[in-house]
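Q: Sending over a structure as structure tokens; questions will come in a sec.
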Ligand code: URP
Ligand code: ZN
Ligand code: ZN
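In this note's numbering, the protein residues as written are 405 to 882.
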């Protein structure tokens with residue numbers, strides 16, 4: 405079956421031009437002007453941008469956490485993602501210290517198979533590096549194409565790994581061609597601050613933020629970057645929230661260390677005062693790391709603009725306000741951490757980023773899709789519009805107006821953290837491998853259509869070293 409996407413403005417991380425895209429068997433086979441192919445179904449994209457499908461490198465679907473399980477699974481979560489213009493997600497496969505990695509990976513395949521409506525891959529958590537893990541890891545990387553490993557530096561007594569594990573994971577990643585991802589916060593000090601706050605009778609949601617200060621994110625980011633330098637390995641810092649962490653990433657990269665960073669829509673749009681909302685509403689805004697003082701938002705936008713940060717992930721980790729977030733009604737430390745963001749990531753970045761002049765349209769494509777494809781071994785199959793690439797495409801109306809609301813979103817959760825935000829620009833149709841998943845704003849996909857992605861090993865060149873008097877080093881992978 406052939407399709408032609410006609411008369412759209414094609415936009416990639418580097419180019420913008422008017423043209424038609426011919427798709428055959430799910431692949432882009434020709435790009436040109438006035439294409440006319442007998443038998444091809446014509447899809448009119450007049451007045452719209454045609455973007456590469458969004459790649460969300462950070463999701464938690466059907467994940468047990470904080471004494472409950474996320475409200476969105478691989479079906480509801482990927483349907484919502486597709487509505488929002490995302491065609492690939494990379495989800496975090498959790499492991500436990502006493503089970504083989506292969507068992508955890510099988511659990512994640514069981515959760516996703518037959519459910520995902522868009523393509524997906526897994527990152528693999530490393531909780532403790534020991535002989536068994538060292539032996540199994542290269543097999544998982546080779547057979548499963550899981551080329552990114554996640555180490556938590558926080559969540560003491562739950563997911564937190566020690567520095568020895570982080571260092572050994574960095575060494576193993578270097579040897580086998582994987583990218584190490586860190587949740588960078590100092591979990592030991594945070595545990596102490598939480599204990600002190602609760603002992604003083606402070607139970608409200610805002611204490612979540614007050615017990616996780618920015619300095620502890622900066623410290624952990626710097627520590628991870630230094631260990632990466634020492635190991636001569638590669639690091640991706642997830643959900644960067646603040647100036648302290650951004651500066652550490654910049655400093656490392658100026659020295660030529662391969663350190664990359666991601667932020668999320670919530671850190672660009674929301675701030676610590678949201679946690680102070682009355683009637684326990686603040687619980688809706690409990691993420692780790694926490695929302696920061698508002699001035700950090702411009703630091704993060706600037707970091708996306710300058711290339712200090714490479715990607716915007718959603719960190720989708722949804723919990724209902726009623727029945728899940730309220731586990732922490734009398735103790736902020738029991739509020740499940742995370743929020744629903746998978747659906748609005750793409751449009752928020754366009755509306756608040758491109759339309760407000762904070763990033764260019766090409767930077768938008770880069771941070772929402774292309775850089776994730778490059779860093780996580782999917783480029784050029786995904787992350788761009790080119791001959792030979794998967795036809796993962798978003799036909800996007802740049803003038804459509806919408807107000808974000810839980811009443812109209814597609815996530816399986818009873819609130820939206822961006823409730824009431826007015827945005828301009830919206831996906832009209834979304835294709836994965838040439839098939840419509842969303843057509844004219846209606847879901848037309850099928851659970852189970854999404855394919856598991858075996859990803860290539862990590863292999864980008866090191867960024868150029870900074871020389872005296874030169875501009876700040878751009879951090880992207882080319
Ligand atoms: O609060 C968050 N970020 N929840 C999801 C788990 C994580 O730390 O990424
Ligand atoms: Zn995290
Ligand atoms: Zn996360």
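For every residue, glycine included, the Cβ atom is placed at its ideal position computed from N, Cα and C.
Could you tell me the boundaries of the alpha helix (DSSP H) in which residue 577 lies?
A: Residues 567-580.
Q: Say the cut is 8 angstroms; is the CB of residue 496 nearer than that to a heavy atom of ligand 3?
A: Because some heavy atom of ligand 3 lies under 8 angstroms away, the Cβ of residue 496 counts as near it: yes.
Q: If we ignore side chains and look at the alpha-carbon of each, how far apart do residue 821 and residue 848 end up?
A: When rounded, the distance between both Cα atoms is 26 angstroms.
Q: Any heavy atom of ligand 3 within a distance shorter than 8 angstroms of the CB on residue 587?
A: Yes, the beta carbon of residue 587 sits closer than 8 angstroms to at least one heavy atom of ligand 3.
Q: Closest to residue 586 by C-alpha separation, out of 664, 482 and 444, would be which residue?
A: The shortest Cα separation from residue 586 among 664, 482 and 444 belongs to 664.
Q: Confirm the yes/no value for this check: CB of residue 813, any heavy atom of ligand 3, distance under 8 angstroms.
A: No, ligand 3 has no heavy atom inside 8 angstroms of this Cβ.
Q: For residue 843 and residue 530, what's the separation of their Cα atoms in angstroms?
A: So the alpha carbons of these two residues sit roughly 39 angstroms apart.
Q: Between which two residues does the beta strand (DSSP E) containing residue 642 stretch?
A: No beta strand (DSSP E) contains residue 642, which DSSP labels as neither H nor E.
Q: Taking contact to mean at least 3 C-beta pairs separated by less than 8 angstroms, is the stretch 562-573 in contact with the stretch 520-540?
A: In short, these stretches touch, since the Cβ pair count reaches three.
Q: Counting pairs of Cβ atoms below 8 angstroms between the stretch 770-789 and the stretch 850-864, do you hit three or more?
A: These segments touch.
Q: Give the secondary structure of residue 832 by DSSP, where H, G and I count as helix, E and B as strand, and everything else as coil.
A: Three-state DSSP puts residue 832 in a strand.
Q: Residue 487 by DSSP, collapsed to three states: which one?
A: It is helical.
Q: Excluding the 5 residues flanking residue 709 on each side, which residues of the same chain have their C-beta closer than 6 angstroms to its C-beta?
A: Answer for residue 709: 763, listed in chain order.
Q: I'd like the list of long-range same chain contacts for residue 831, defined as Cβ closer than 6 angstroms, with 5 residues on each side in sequence excluded.
A: The residues are 489, 798 and 800.
Q: Could you tell me if residue 866 is buried or exposed, where buried requires 16 or more neighbouring beta carbons within 10 angstroms of its beta carbon?
A: Note that residue 866 scores 48 on pLDDT, short of 50, meaning its location in the model is unreliable and no value can be drawn from it.
Q: Helix, strand or coil: which one does DSSP assign to residue 552?
A: Residue 552: strand per DSSP, three-state reduction.
Q: If you draw a straight line from the C-alpha of residue 671 to the C-alpha of residue 715, how long is it?
A: Each residue's Cα considered, the two are about 13 angstroms apart.
Q: What are the boundary residues of the alpha helix (DSSP H) that residue 765 is part of?
A: 765-769 is the extent of the alpha helix (DSSP H) around residue 765.
Q: Do residue 927 and residue 510 have their C-beta atoms within less than 9 angstroms of each other?
A: Outside the displayed span of the chain (405 to 882) sits residue 927, for which this structure offers no information.
Q: Output yes or no for whether 9 angstroms exceeds the beta carbon distance between residue 883 and residue 608.
A: Any answer about residue 883 is impossible in this case: the structure gives the chain only from 405 up to 882.
Q: Any chance the CB of residue 493 is under 8 angstroms from a heavy atom of ligand 2?
A: Every heavy atom of ligand 2 is 8 angstroms or more from the Cβ of residue 493, so no.
Q: What number of angstroms, rounded off, separates the C-alpha of residue 667 from the C-alpha of residue 600?
A: Taking the straight line from one Cα to the other gives about 29 angstroms.
Q: Quick test of your reading: residue 629 and residue 653, contact by CB under 8 angstroms. State the CB separation rounded to the nearest angstrom.
A: So it is a contact: roughly 7 angstroms between Cβ atoms.
Q: Is the CB-CB distance between residue 349 and residue 523 below 9 angstroms?
A: The structure shown does not extend to residue 349, since the chain is modelled only from 405 to 882, so the question has no answer here.
Q: Looking at the strands, I want to know which residues DSSP matches up with residue 583.
A: Partner(s): 552.
Q: What I want to know is whether the C-beta of residue 884 ends up closer than 8 angstroms to one or more non-hydrogen atoms of ligand 3.
A: Residue 884 cannot be examined here, being either before or after the span of the chain that is shown, 405 to 882.
Q: Is it buried or exposed for residue 871, if we count other Cβ within 10 angstroms and need 16 for buried?
A: Note that residue 871 scores 44 on pLDDT, short of 50, meaning its location in the model is unreliable; the coordinates nonetheless yield the value given after this. Answer is exposed; the Cβ neighbour count stays below 16.
Q: Could you compute how far the alpha carbon of residue 777 sits from the alpha carbon of residue 636?
A: If you take the alpha carbons of residue 777 and residue 636, they lie about 23 angstroms apart.
Q: Relative to the C-alpha of residue 684, which candidate in 560, 739 and 569 has its C-alpha closest?
A: Among 560, 739 and 569, the Cα nearest to that of residue 684 is on 739.
Q: Who are the Cβ neighbours of residue 518 in its own chain at under 7 angstroms, not counting the five residues just before and after it?
A: Excluding residues within five positions, the ones whose Cβ falls inside 7 angstroms are 851 and 852.
Q: Give, in chain order, every unbroken run of the alpha helix (DSSP H) that is at least 4 residues long and sits entirely within the stretch 497-527.
A: Taking only runs of at least 4 residues, the alpha helix (DSSP H) segments lying wholly in the stretch 497-527 are 505-516.
Q: Note down, one range per segment and in chain order, each beta strand (DSSP E) of at least 3 residues found wholly within the stretch 580-635.
A: Counting whole runs of 3 or more residues, the stretch 580-635 contains the beta strand (DSSP E) stretches 583-587.
Q: Buried or exposed: where does residue 619 fall if 16 or more other Cβ atoms within 10 Å of its Cβ makes it buried?
A: Per the 10 Å Cβ criterion, exposed.
Q: Near residue 730, what residues of its chain come up, given a Cβ to Cβ distance below 6 angstroms and the 5 sequence neighbours on each side ignored?
A: Within the same chain, residue 730 has no close Cβ partners at all.
Q: Quick check: the stretch 741-760 against the stretch 800-815, are at least 3 beta-carbon pairs closer than 8 angstroms?
A: Verdict: yes, contact present.
Q: Going by DSSP, what residue range makes up the alpha helix (DSSP H) through residue 804?
A: Premise fails: residue 804 lies in the beta strand (DSSP E), 797-807, not in any alpha helix (DSSP H).
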